[in-house]
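In what follows, a single structure is set out as structure tokens and then discussed.
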Amino acid sequence: MFENIMKDVESEKKKLILNRDIVQEKLGATPKTEKVNNAVFEWLKESEKLVGEEENLKEITELEILDYDCSLAWIQWLLCADHKMRHRRYREMLDRLKALNSKCEFEPFSTTIPPLESFSSGFVPFESIKEASDRLLAALQDSNCSTIGLYGKRGSGKTKLVKTVGEKAKYLNIFDEVAFATVSENPNVRRIQDEIADSLNLKFTRNTQAGRARTISSELKSKDRVLVILDDVQARIELEDIIGIPGDDTKGFKVLLTTRRQRECALMDCKEEFSLGPLSDDEAWTLLKKHSGIGDGTSSDILNVARQVALECEGLPGTIKEVGSSLKSKHIKEWKASLDNLRHSMARWQIFISFRGEDTRFSFTGFLYEALLREGFKIFMDDGGGLDTGDQISPSLINAIEASRLSIVVLSENYASSSWCLDELAKILECKEKKNQIVWPIFYKVDPSHIRHLRNGYGNAMTEHENVFGNEPERLQKWRSALFEVAGMSGKPYETNTGYEYKFIQKIVEHANNIKSRLYIRSMDMD
């Protein structure tokens, strides 16, 4: 009886090995465009385990009982008990082998892998991007490649791509978990740790930076396969400070990082480096049409300008999307203005705010800055530390004014009492003339005529400046001319009876959004 069940187990095991080989052969023949059913891998894993258990079961022999120092009768009893136990174990093994053999057919065995765009909303799968994604996925599956770098210009779509590839890698069971964190300039380790912990649904019980790093380290080591994505790395960072594991000890997980330059990839000791290049001219044109809404019904004049706009965007998806969206349903005049800005602007800031700190820094100007910032504008507003001591405006402020597309001048009661503010104003109007910079005066609780004719506070301020800077007549004349000119411009007046300040600020923000296409900047840190 016992010999029969042993033969049945051996026969069923051979059948399982045969089925396993058939499944593995079918697995090897599955095209890369197909995703194998998760149940297949689970079945193969269980098969290997069960075959090993059956081999171990055969090694248990009755002779092991003879190790006991006891009477013959007791040994006979033990042998009988062992026989029953082994019979039960073989019966259980036979049942398990039969059950596993009955599950060797899978429906479906594999399914077609969805296209890349299905893993992220708004993702456009151009050939250049698909090629980069394929290379990244191959590197992520390379056991010898622990740290991978993707570099490209700002606006090239690196962040979108690595997030999408991360989702696809998780779908393909390359990783069980994907953690994402943005590094950027002057990285904040605690913030990065928070983002990684949030991705892993991890709660910190320690509050120190090192304690939090150990918590992340323990979590990563407890999981088999984790991908950590670090976005916008601009300098070398120590992984050990963030996740408690040195960069050369990434067993069980991989690091995928994005940078703007190849040198950061080298600094981070990336085993593989990939470049994300620009879109082709045809791809750029397709993307611009999508975001601007132009098509067959659009006038030929706009289409001609639009094609030139697409070329000036340098094949950068982020730039094309921003410019295209801002020009949706716009007149050809706006298209031409945007084209001119793309061709000639080396601006770094979209908006420069000139203001008298003691008047409005913590009130109107501060609120305006925050409102514009929330809309995504890149703004320069001096924080009080950008000025040198003395009477001259700092070179950093001069550079900021020259590198801006729009200057908002908040002309408040004491604006003219500051020689620095007047220097700013003179420089802003010079840029208006020479660089076609847009200037918006805001007459904040002041009468434009008082500024134009130097009355009241503005007259008193100029009198004081004449006493202090009497030996600089040209500078004084520049200030007078600047005040005269700005007072005559079409500005935005605000008085107490105008209404709520926040509504006034909302109108300014709306106006800025309406001309966003003219405020495009080709940031100097893209390369």
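If you read the sequence shown in the numbering used here, its first letter stands for residue 2, the second for the next number, and so on. C-beta atoms are modelled at their ideal positions from N, C-alpha and C, and glycine is treated no differently.
Report the option in Ile246, Glu186, Pro279, Val256 whose CA atom is closest to the CA atom of Gln235.
Position 234 of the sequence shown, counted from the start, is the residue given in the question as residue 235. When only C-alpha atoms are compared, the closest one is Glu186.
Is the beta carbon of Lys99 less than 7 Å from the beta carbon of Leu277?
Residue numbering aside, residue 99 sits at position 98 when the sequence shown is read from its first letter. Residue numbering aside, residue 277 sits at position 276 when the sequence shown is read from its first letter. For Lys99 and Leu277, no; Cβs fall outside 7 Å.
I'd like to know whether the C-beta atoms of Phe378 and Gln351 end up nearer to each other than 7 Å.
Here residue 378 refers to the residue found at position 377 when the sequence shown is read from its first residue. Here residue 351 refers to the residue found at position 350 when the sequence shown is read from its first residue. Going by C-beta atoms, Phe378 is nearer than 7 Å to Gln351.
I need the straight-line Cα distance from Phe365 to Ile354, nearest angstrom please.
If you number the sequence shown from 1, residue 365 lands on position 364. If you number the sequence shown from 1, residue 354 lands on position 353. Approximately 12 Å, taken between the alpha carbons.
Taking 7 Å as the threshold (C-beta atoms), are Phe120 and Glu168 in contact?
Along the sequence shown, one-based indexing puts residue 168 at 167. Along the sequence shown, one-based indexing puts residue 120 at 119. Going by C-beta atoms, Glu168 is nearer than 7 Å to Phe120.
Which runs of the alpha helix (DSSP H) spanning at least 4 residues fall entirely within the region 345-389, listed in chain order?
Runs found: 358-361, 365-375.
Mind checking whether Asn145 and Asn20 have CB atoms under 7 Å apart?
Counted from its first residue, the sequence shown places residue 145 at position 144. Counted from its first residue, the sequence shown places residue 20 at position 19. The answer is no: Cβ separation not under 7 Å.
Residue range of the beta strand (DSSP E) that Pro494 falls in?
As a working mapping, residue 494 is identified with position 493 in the sequence shown. Its beta strand (DSSP E) spans residues 493-495.
Suppose only complete runs of 4+ residues qualify. What are the alpha helix (DSSP H) ranges in the region 253-332, listed by chain order?
List check, alpha helix (DSSP H) in window: 263-268, 282-293, 301-313, 318-327.
Within the continuous beta strand (DSSP E) that includes Phe444, where are the two ends?
Residue numbering aside, residue 444 sits at position 443 when the sequence shown is read from its first letter. 439-445 is the span of the beta strand (DSSP E), which, as asked, contains Phe444.
Spell out the partners DSSP gives Ile230 in its beta bridges.
Residue 230 sits at position 229 when you count from the first residue of the sequence shown. Note: Ile230 sits in a beta bridge opposite Phe181, Leu257.
Where does Tyr416 fall in DSSP's three states?
Numbered from its first residue, the sequence shown carries residue 416 at position 415. Helix.
Judging by CA-CA distance, which residue of Val41, Pro116, Ser223, Phe485 is the nearest neighbour of Gly460?
The residue given as residue 460 occupies position 459 in the sequence shown. Here the closest residue by C-alpha is Phe485.
Short of 7 Å in beta carbon distance, which residues of its chain neighbour Leu64, apart from the five on each side in sequence? Order them along the chain.
Indexing the sequence shown from 1 puts residue 64 at position 63. Confidence in Leu64 is poor, its pLDDT being 43 and thus under 50, which makes the residue's placement unreliable; the coordinate value appears in the next sentence. There are no such residues.
Could you say which of Glu414, Leu343, Val306, Cys314 lies nearest to Lys331 if we only look at CA atoms?
Mapped onto the sequence shown, residue 331 falls at position 330. For Lys331, the nearest C-alpha among the options comes from Val306.
By the 10 Å Cβ neighbour count, where 16 or more other Cβ atoms means buried, how is His512 classified, buried or exposed?
Locating residue 512 in the sequence shown gives position 511, where the first residue counts as 1. With fewer than 16 Cβ atoms within 10 Å of its Cβ, His512 is classed as exposed.
Could you give the C-beta distance for Leu141 and Leu268, rounded to a whole number, given that I count them as a contact under 8 Å?
Taking the first residue of the sequence shown as position 1, residue 141 is located at position 140. Taking the first residue of the sequence shown as position 1, residue 268 is located at position 267. Not quite, the Cβ-Cβ distance comes to about 21 Å (not below 8 Å), so this is no contact.
What residue ranges within the region 457-523 form continuous beta strand (DSSP E) runs of no fewer than 3 residues, ordered along the chain?
With a minimum length of 3 residues, the continuous beta strand (DSSP E) runs that stay inside the region 457-523 are 493-495.
Counting only the same chain and skipping the five closest in sequence on each side, list residues whose C-beta sits under 7 Å from that of Val310.
For the purposes of this step, residue 310 is identified with residue 309 of the sequence shown, where counting begins at 1. Leu289, Val324, Trp336, Ser339, Leu340, Leu343, listed in sequence order.
How about Met94 and Glu55: do their beta carbons lie closer than 7 Å?
Against the sequence shown, residue 94 aligns to sequence position 93. Against the sequence shown, residue 55 aligns to sequence position 54. Cβ atoms of Met94 and Glu55: closer than 7 Å.
Please list, in chain order, all residues of the same chain as Ile439 whose beta carbon is under 6 Å from its beta carbon, the five residues on each side excluded.
Residue mapping note: residue 439 aligns to position 438 of the sequence shown, counting from 1. Closer than 6 Å at Cβ, skipping near neighbours: Leu407.
If you run the structure through DSSP and keep just helix, strand and coil, what is Ile197?
Residue numbering aside, residue 197 sits at position 196 when the sequence shown is read from its first letter. Reduced to three states, the DSSP call for Ile197 is helix.
Starting from Leu455, trace the beta strand (DSSP E) in both directions and tell me its first and last residue.
Counted from its first residue, the sequence shown places residue 455 at position 454. Leu455 -> no beta strand (DSSP E), and no H or E assigned at all.
Who does Leu151 pair with in a DSSP beta bridge?
Translated into the one-based positions of the sequence shown, residue 151 becomes position 150. DSSP, once it has assigned bridges, lists Thr259, Phe275 as partnering Leu151.
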